[in-house]
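As given, the protein sequences belong to chains D, F, Y and S, one line each in that order. For the first sequence, position 159 (counting from the first letter as 1) is numbered 139 according to our numbering, and the numbering increases by one without interruption. For the second sequence, position 58 (counting from the first letter as 1) is numbered 38 according to our numbering, and the numbering increases by one without interruption. Residues are numbered in our numbering as their position in the third sequence, beginning at 1, plus a constant of 9. Residues are numbered in our numbering as their position in the fourth sequence, beginning at 1, plus a constant of 9.
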Amino acid sequence: MNKTLDIKIGDRIATLELISRRSNIVEVKVDDNMYTLDMLEVEKGAYSILKEGVSYNLELLQKTNTKEYEVHTHNETFDIEIIDAESKYLMNRGVISDDDGGNTISSPMPGKIIKVMVQIGDQVKEGTTVIIVEAMKMQSEYKVKTDRVIADILVKEGDAIDGNQPLIIVE
Amino acid sequence: MNKTLDIKIGDRIATLELISRRSNIVEVKVDDNMYTLDMLEVEKGAYSILKEGVSYNLELLQKTNTKEYEVHTHNETFDIEIIDAESKYLMNRGVISDDDGGNTISSPMPGKIIKVMVQIGDQVKEGTTVIIVEAMKMQSEYKVKTDRVIADILVKEGDAIDGNQPLIIVE
Amino acid sequence: MIQKILIANRGEIAIRVMRTCREMGIKSVAVYSDADRSSMHVRYADEAYHIGPSPSNESYLVVDKIIEVAKKCGADAIHPGYGFLSENATFSDRCKKEGIEFIGPDSHAINTMGDKITARKNMIAAGVPVVPGTTEPILDEKKAIKYIQKIGLPVMIKASAGGGGKGMRLVKEEKEIINAIRGARSEALNAFGNDAVYIEKYIDSPHHIEFQILADKHGNTIHLFERECSVQRRHQKVVEETPSPLMTSKVRDEMGKHAVMAAKAVNYYGAGTIEFIMGDDLKYYFLEMNTRLQVEHPITESVVGVDLVRQQINIANGFDLSLKQENLSQKGHAIECRIYAEDPNNNFMPSPGVIEHFSEPLGLGIRHDGYVYSGYEIPIFYDPMISKLIVWGETREEAIDRMRSALFNYKITGIKTSIKFLERIMNTPDFVKGKYNTHFIQDNEDFLLPPKASKTECIEMAMVTAFINYLDKLEKISLHSTSEKGINLWKDYGRKKNVSRL
Amino acid sequence: MIQKILIANRGEIAIRVMRTCREMGIKSVAVYSDADRSSMHVRYADEAYHIGPSPSNESYLVVDKIIEVAKKCGADAIHPGYGFLSENATFSDRCKKEGIEFIGPDSHAINTMGDKITARKNMIAAGVPVVPGTTEPILDEKKAIKYIQKIGLPVMIKASAGGGGKGMRLVKEEKEIINAIRGARSEALNAFGNDAVYIEKYIDSPHHIEFQILADKHGNTIHLFERECSVQRRHQKVVEETPSPLMTSKVRDEMGKHAVMAAKAVNYYGAGTIEFIMGDDLKYYFLEMNTRLQVEHPITESVVGVDLVRQQINIANGFDLSLKQENLSQKGHAIECRIYAEDPNNNFMPSPGVIEHFSEPLGLGIRHDGYVYSGYEIPIFYDPMISKLIVWGETREEAIDRMRSALFNYKITGIKTSIKFLERIMNTPDFVKGKYNTHFIQDNEDFLLPPKASKTECIEMAMVTAFINYLDKLEKISLHSTSEKGINLWKDYGRKKNVSRL
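So this is what it looks like as structure tokens:
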């Protein structure tokens, strides 16, 4: 097993290396910074770290992808991604890139389809609202960013949808 | 799989039979009483039951033995034991009987051994304290109930012990 | 005497009402939609009955279903909470007709206060100051212009049946008047089926201050002082406090008297709230009356020391008010923060989902009214408010410190919440100084945006935690696949130190 | 100004002190033994340092280790909580010597009040009523008999260095006197290394009533009224309330003045408690002084509206008391229940172990001071108290109703607790009527024993739940073994109805 991993947080990618671990005493290097930590998982996903006496409490929330975490510290929340060999390889080859969602319209939150404003085959102008989704008494309108043709509509009014589920395909 | 089981609670042994179950609607017979219940596990081990509108909340705590439960209702706590075919067989054969702990001295609570009052081979009189255990600032003395000979001592002073762990064997 | 109350609501307010029922030895009955079978109010009640599909217009808003359950289970009263049917005059009448006590006012009070023009007229007649403006719907656009010239710009054009910011137009320049009137009328017609609009003077840098009142059925009416509700986002209250940092005791007395007069003008009984708008000059005007319990009622309970739901039930029982105005006083300071399942870093997008981990702050001066639990899935059909955190302190400063510390110790994972946003409000100088009005959130965007730079060490601790957790996960998988169960390969790792790099 | 406080304690009191530190912007430092690495006080603090093995005499009671940590981390003050080193005069002196502020009184006050004969003498000199009895150790048994004949039987023989019921003998008949004195002396010698004993008149059906005091370093001393602590089991308080149902305002004023006099007599500063014993005739006598924060201090905070830890820190800072006696009053009623990890159905045997599921009551008037969480293992080395539930109500009746309802909604599984026992106390007529003394628990054994008969339906629901859970468990195992993962065989069960019996 590999004890060195790259980890992405915001714009920064750091290399973490596990130097030693004896019960809850962990020696770890983050880029050039060496830490000796007393680190304990006190509840499932909740860690207590003592770094030369300074107390940190962190809670991990694993996302659907096992390599992505949301980490809650005292004051903040960070999105963290583990970059292992496989993703590194793919990144170097340029296979993984930012998906701009160009061809699908979706809602980041689960909810209910209130209104589908278009039909298959419609030619719609930049900025046209194509679908309205409601969650928790708040309606959100989803628009196309450039001129588009509606290729497919995957939901109908009244449907309950998950977050990030494709709703409409555009060309 | 068998849908009828005997269940022991206090002095009573009742026969429970699952008649039907469709999503959270459960029909079940307890001896001669038939119940139709809306039953949902709302948290791990926590059940919400609606019986013709009346709301029950129950929390199950499984003991070390998977067939034994502690059940917390609104007002009370019950110890419940599932009697399956195997235990029934053994009970009928008389193999399982109330263990009066006759040959072992143990403490029902975890703690620390404060003092061992006897040595192997000692002949002790009824009512003699043989060992003192402390937990949470409270000391408990354990005595023999009749005249005994100390056959074995399994712990020493200062040892941390679990609940119900044998401490001393007597003859 | 009321023996059994049906609570025609869900979420934290249903549980809050049931708590008082339990203390008073009254049985409580929950109703629930498809989405709410596993909700806490169902678990908390003595009885619970299903009333239909998840959307509230097919369940919590269906009068017939709720009445049917109440009659079937023998409830002698219905508590509507807030929202849903709480300000529905038809529902109040229907309860009366069925011989069930509606814990709220009669339809006359609801109707009079529900229509803004009618309410304005009644308040003027009762001697309660209202915002200068018209008392009749605008029919003649020319007359409207003349009237506006008389009271002076800026003005608000408002729909009489309005609410939620719909059918409202702010007019700053004379040339906008005609368009604003026409726009407001057409929007009001669409939204409420009623195009009546009226004109009000626009109060600049306004404060939203409301008074809690209680009235029994025998004409005794008292007020329980003010609540300052100016911290608002899109006309929704976010943080409330009492006493108001703006208030003087002279103005408080006077406003309290006006609040009581307002309630008496409609023969009000039950708990209600008179909302005022106030300028920096402490001039105040009646805005509207909420004929129900407010979301923010706990801060009044904290400083006055009264259980408002118990009072509501006693009033519904026909008892005389046990509280006397002269015996009431405010002690210390209370603040409420409303915690929403929403993402403040992403335009406050609602964030329904499953609560992974939930732990709330405890201790001195902390009150918590909520309904979610670890493992609970927040449904998408209802309001995103998941809990209210209320703190009390000897002084305003102590209350702010306590709220800041409590928010800091409030942990919810699995969904996004407004907790960090609320923490930033507690740190915003204008809030700390008590110098704010309803423009507070837009005026303080810089403070309220999430902080950009974090301490490097904190970031690195977050990375280390994810790193270790991930390694442990990998190890578990590899142990599992090689069947070396129970043996922790890592334990010896420190001694061996044979680190191999990728 | 104090910037960083080391809390030389663990459990709920450590967290309670840290909470106020956080509100005041003061850094808090935890110390912990081997058993406490995962304890909440370590997680809650800004810094935390290990001080030794689990037994408290190797960690929390070791003065040198605590001083060493305080100096290393730069703490300028130490808060001792209650228990452990809180009433250790040597520790107070040592802190002073090291230039660290001890948040508590000086060694003179601790020593004077710690020895009962010395305390009695001081109180008599200060004009505070003490229980009639001797002021010198008993040396001559004959003189003792004469003295007892003078004040009349029954009397108590008490060890001067005593505590925890050790070295105490109740004498009801003259012939028991000699044996009682000899027994008490030998027990006192064994327990405290000091065989000094004295004689006190025995107060029949006594009430234990204590007064909270606060004193600054400039001679200002006030009291914050009484706490009624007569609900005791084996001299341990179980339930406390304030105001005392026994008290009159005349006696309260008088006792308050005596409490202040008692504190002044030893030049006391900080927070302290004067314990009195009171007869049914409301005659009262000084019993002892606790020179620290009490476990039950929150009920005073609830009705007086003061944060006592904040006051302690302000006093340690050398500030003048900000509170004036004439401005203080009691508002409403507060009750505290101490929740222990113990089995009330099995002679209150301690029940350490792992907390499986933990959910605490919320809402109006509920305060919760605890330190455990789901998954936490309660160590065997320390006090079994796991949390304190404090309620406030407008009236005593409302407070009892609220406590009953709160206990009902308090769920802890995995260990046994005293919650149900406390619920039964709230239902005991003598408690409800407020007619009780320190014999309450033994006098009410019938009410306090667990109920024998349960409603059949409730029992059957418990059986059904275990039944269904067990079937689901079996199903999971069989699904797993036949590899039909993801397919729930049970889903179709209702339709098939092919029930096979054993």
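Idealized CB from N, CA, C, for every residue including glycine.
Counting the other Cβ atoms within 10 Å of the Cβ of glycine 90 of chain Y gives 16 or more, which makes it buried.
Between the segment 242 to 255 of chain Y and the segment 204 to 214 of chain Y, the count of Cβ pairs shorter than 8 Å is below three; the stretches do not touch. For the pair asparagine 336 of chain Y and arginine 347 of chain Y, the Cα-to-Cα distance works out to about 30 Å. By the neighbour-count definition (other C-beta atoms within 10 Å, threshold 16), lysine 36 of chain S is a buried residue. Leaving aside the five residues that flank phenylalanine 100 of chain Y on each side, the residues in its chain whose CB is nearer than 6 Å to its CB run, in chain order, Val72 and Leu94. Shown here, methionine 256 of chain Y sits in coil according to DSSP, grouped into three states, outside any helix or strand. Cα atoms of valine 400 of chain S and tyrosine 419 of chain S: separation of roughly 13 Å, rounded to the nearest angstrom. Taking a Cβ-Cβ cut-off of 8 Å, the neighbours of methionine 33 of chain S in chain Y comprise Asp410, given in sequence order. In this structure, the alpha-carbon of methionine 116 of chain F lies about 20 Å from that of glutamate 96 of chain S. Counting of Cβ neighbours within 10 angstroms places aspartate 142 of chain D among the exposed residues, the total staying below 16.
Contact with chain Y is absent for valine 180 of chain S, since none of that chain's Cβ atoms lies less than 8 Å from the residue's Cβ.
At a cut-off of 8 Å, the C-beta of serine 3 of chain D has no neighbouring C-beta in chain S. Minimum Cα-Cα distance from proline 459 of chain S among the listed residues S:Ala415, S:Pro353 and S:Phe390 corresponds to S:Pro353. At a cut-off of 8 Å between beta-carbon atoms, tyrosine 293 of chain Y makes no contact with chain S.
For glutamate 454 of chain Y, there is no enclosing beta strand (DSSP E); the residue is found in the alpha helix (DSSP H) stretching over 454 to 457. Per the coordinates, the alpha-carbon of isoleucine 133 of chain F lies some 17 Å from the alpha-carbon of glutamate 114 of chain F.
The straight-line gap separating the alpha-carbon atoms of valine 206 of chain S and lysine 47 of chain F is approximately 56 Å.
Not a single CB atom of chain S sits nearer than 8 Å to the CB of threonine 109 of chain F. In the DSSP assignment, aspartate 378 of chain S falls outside any alpha helix (DSSP H) and within the unbroken beta strand (DSSP E) covering 375 to 379. In this chain, the beta strand (DSSP E) harbouring aspartate 59 of chain D covers 57 to 63. For arginine 129 of chain Y, no Cβ of chain S is located within less than 8 Å of the residue's own Cβ.
Contacts with chain S at 8 Å (Cβ-Cβ) include asparagine 13 of chain F. In its chain, beyond the 5 residues on either side, Ile14, Ile16, Val26 and Ile112 have a beta carbon closer than 6 Å to the beta carbon of histidine 88 of chain Y.
A Cβ-Cβ contact shorter than 8 Å links threonine 447 of chain Y with histidine 217 of chain Y. At a cut-off of 8 Å between beta-carbon atoms, glutamate 7 of chain D makes no contact with chain S. DSSP, read as helix, strand or coil, puts glutamine 321 of chain Y in helix. Cβ neighbours of isoleucine -1 of chain D within its own chain (closer than 8 Å, five residues either side excluded): Glu7, Val8, Lys9 and Met14. Among the residues facing chain D, lysine 226 of chain Y is not included, as its CB has no counterpart in that chain under 8 Å away.
The three-state reading of DSSP puts phenylalanine 234 of chain S in strand, counting E and B together. Taking the CA atoms as reference points, threonine 121 of chain Y sits about 28 Å from isoleucine 154 of chain Y.
Identification of residues in the segment 19 to 36 of chain F having a C-beta nearer than 8 Å to some C-beta of chain Y yields Leu20, Val22, Glu23, Lys24, Ser28, Leu30, Gly33, Val34 and Ser35, given in sequence order. Every alpha helix (DSSP H) of 4 residues or more that sits fully in the segment 259 to 329 of chain Y is shown, in chain order, as 306 to 313 and 317 to 325.
By the Cβ neighbour-count rule, methionine 10 of chain S is exposed, with fewer than 16 other Cβ atoms within 10 Å of its own. Nearest C-alpha to glutamate 23 of chain F among F:Leu17, F:Leu41 and F:Asp12: F:Leu41.
When DSSP states are grouped into helix, strand and coil, glycine 20 of chain S belongs to the helix group. Listed by position along chain S, the residues whose Cβ is nearer than 8 Å to that of glycine 379 of chain Y are Leu371.
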